[in-house]
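The structure appears below as structure tokens.
Residue numbers (the numbering used here), protein chains in the order written: chain A, 1 to 94; chain B, 1 to 213.
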């Protein structure tokens, strides 16, 4: 598998607002996290949503974010976090 | 009883009329009906096959997930396999969840996991059945990521500050089951008795497993 990032790598989610279907929630765009695991490779849902074949397939990661990174006014303990599935083409090295 | 029936029963509910949901159809209801009728008309599907699939899906209940949790509580090696390869571990119990890609998340004293799908309502239907209405509601989907501890408190789940709350947004191809903590006082119970303590909400991670009576 040709995953660009490894577990433990710091990554940055692209701050982009493409039109159409995508599976990257707005609240994590432009934020930094750490790769928690690599889930495998999957057909790209941004293509599948329109009846296309979804290739090239995309490595899918689970990225862990501190809640305080996602929500600057988060009022819970500093250790609280969120993990989000993000396809590789949304990620850049942090 | 608010209405009389002319037959005797004691099942303790008043027979208010069922709520009506037959307002104007949405675009998706038209789309689903048109597509289904066309597939049947063209001989791709039969009405019987559609009914059978609906019945199959309706028959999947959280009891399936509870069996997995009870086994993991009873057998540390099984638990290790479940956390490493959830699909393989549920298949060991004869539970068929393909094509779901399942991830099991273990709750401990220091970490509490909860699951949401902020984008829609992704849910491990092949293991837990149909998701509850609140799971699909905008309120849960937006608040679970934004203020998880408040949401947990509303479900009666108060966690100490020393427990890290980890919210899992099921945004893509993975589906999740939370492995709740085994409750105190459950040491002597059989696997079947343990499974009784495992409610649906504890496998979504908004509540804890029940304590033995």
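In this text, a Cβ means the ideal position worked out from N, Cα and C, and glycines have one as well.
- Residue environment: residue 171/B is assigned as buried (16 or more neighbouring CB atoms within 10 Å of its CB, all protein chains considered).
- The shortest CA-to-CA distance from residue 68/A to any of 156/B, 47/B, 146/B and 205/B is the one to 146/B.
- Excluding five sequence positions before and after residue 126/B, the CB atoms of its chain that fall closer than 6 Å to its own CB belong to 97 and 100, given in chain order.
- Neighbourhood of residue 167/B in chain A, by CB distance below 7 Å: 82, in chain order.
- Sorting 105/B, 81/B and 57/B by C-alpha distance to the C-alpha of residue 203/B places 105/B at the top.
- The beta carbon of residue 40/B sits closer than 7 Å to those of 46 and 47, all from its chain and outside the five residues before and after it, given in chain order.
- Listed in chain order, the beta strand (DSSP E) runs fully inside the region 49 to 74 of chain A are 58 to 66, counting runs of at least 3 residues.
- Residue 175/B and residue 122/B have their alpha carbons spaced roughly 7 Å apart.
- The continuous beta strand (DSSP E) containing residue 169/B extends over residues 164 to 169.
- Against chain B, the beta carbon of residue 23/A has neighbours under 7 Å at 119, 171 and 172, listed in chain order.
- The DSSP-derived three-state label of residue 76/B is helix.
- Under the three-state reduction of DSSP output, residue 128/B falls in the helix class.
- Rounded to the nearest whole angstrom, the C-alpha separation of residue 205/B and residue 116/B is 9 Å.
- Annotation for residue 74/A: 67, 68 and 80 place their beta carbon closer than 8 Å to its own, counting only its chain and skipping 5 residues before and after.
- In the three-state scheme derived from DSSP, where H, G and I count as helix and E and B as strand, residue 175/B is classed as strand.
- Contact between the region 133 to 140 of chain B and the region 61 to 75 of chain B is absent: fewer than three C-beta pairs spanning the two stretches fall below 8 Å.
- The count of Cβ pairs closer than 8 Å, one atom from the region 183 to 193 of chain B and one from the region 54 to 68 of chain A, stays below three, leaving the stretches out of contact.
- About 7 Å separates the CB atoms of residue 29/A and residue 16/A; that is less than 8 Å, so the two are in contact.
- In terms of CA proximity to residue 128/B, 90/B leads the group 90/B, 109/B and 51/B.
- The beta carbon of residue 21/A sits closer than 8 Å to those of 45, 46, 49 and 50, all from its chain and outside the five residues before and after it, given in chain order.
- Residue 40/A belongs to the set of residues whose beta carbon lies under 9 Å from a beta carbon in chain B.
- If you draw a 10 Å sphere on the C-beta of residue 61/A, you find 16 or more other C-beta atoms in it, and that means buried.
- Assignment of residue 81/A by DSSP, reduced to helix, strand and coil, places it in the strand class.
- Proximity of chain A to residue 149/B at the Cβ level (cut-off 8 Å) is accounted for by 76 and 80, in chain order.
- Contacts with chain B at 9 Å (Cβ-Cβ) do not include residue 50/A.
- Against chain A, a Cβ distance below 9 Å from residue 90/B picks out nothing, because the smallest value is about 17 Å.
- DSSP places residue 38/A within a strand segment (E or B) once states are collapsed to three.
- Residue burial annotation: residue 161/B is exposed, with fewer than 16 other C-beta atoms found within 10 angstroms of its C-beta.
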